[in-house]
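In the working numbering, the protein residues as written are 1 to 199.
The beta-carbon is built from N, C-alpha and C at its ideal position, and this holds for glycine as well.
The structure presented is a predicted model; accordingly, all values stated were derived computationally and were not measured.
Scroll down for the structure; my scribbles are underneath it.
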């Protein structure tokens, strides 16, 4: 990959990673409910799972989607159904006390990593980056560089959403505020589906 492509790729990675989407909405809620340290496995799962997908697509999974376009469509709608379920759960979630938050478990590494495979935004990001920033006849080193860029930039950008959730904890003290926040996050999840399903 030429240096001329690296800077635009980094810009694309920042913009696509920092903008609202399913991962950022979920990690924000995790930061609010569980704190930053307990949200770290979730954060590592998002970044690690996404980077692994980049490598998998670079190794030829994209050719499978080109050969069987229906597979990509199935994954897109499975992801949409899962996000609808998450939004419903989030909207109806009762505010947790400190004791309840301690007893309940945030999403872990493997759950967050597995979610990337049905996350519509993740597929759009990867396929866009592959088609735009990988040179023709790209080498495996280019694919690994692409994955590394998303890993490092994603950790900072998605981690910022987790920290924002932690900051919100000091403002959202009463159950009504937490309920409003949960409903707002559920609506954001639903809104993140619109541009993805429209494409």
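1. Closest to residue 114 by C-alpha separation, out of 144, 49, 83, would be which residue?
2. Is the region 135-147 touching the region 22-29, taking contact as three or more C-beta pairs under 8 angstroms?
3. Rounded to whole angstroms, how far is the Cβ of residue 47 from the Cβ of residue 151, which I believe are closer than 8 angstroms?
4. Counting pairs of Cβ atoms below 8 angstroms between the region 7-25 and the region 186-193, do you hit three or more?
5. Entirely within the region 11-63 and at least 4 residues each: give me those alpha helix (DSSP H) ranges in chain order.
6. Does the beta-carbon of residue 17 have 16 or more other beta-carbons within 10 angstroms, so that it is buried, or is it exposed?
7. Between which two residues does the alpha helix (DSSP H) containing residue 143 stretch?
8. Is residue 193 buried or exposed, if buried means 16 or more other CB atoms sit within 10 Å of its CB?
Considering the structure as presented:
1. 49
2. no
3. 5 angstroms
4. yes
5. 22-56
6. buried
7. 140-169
8. buried
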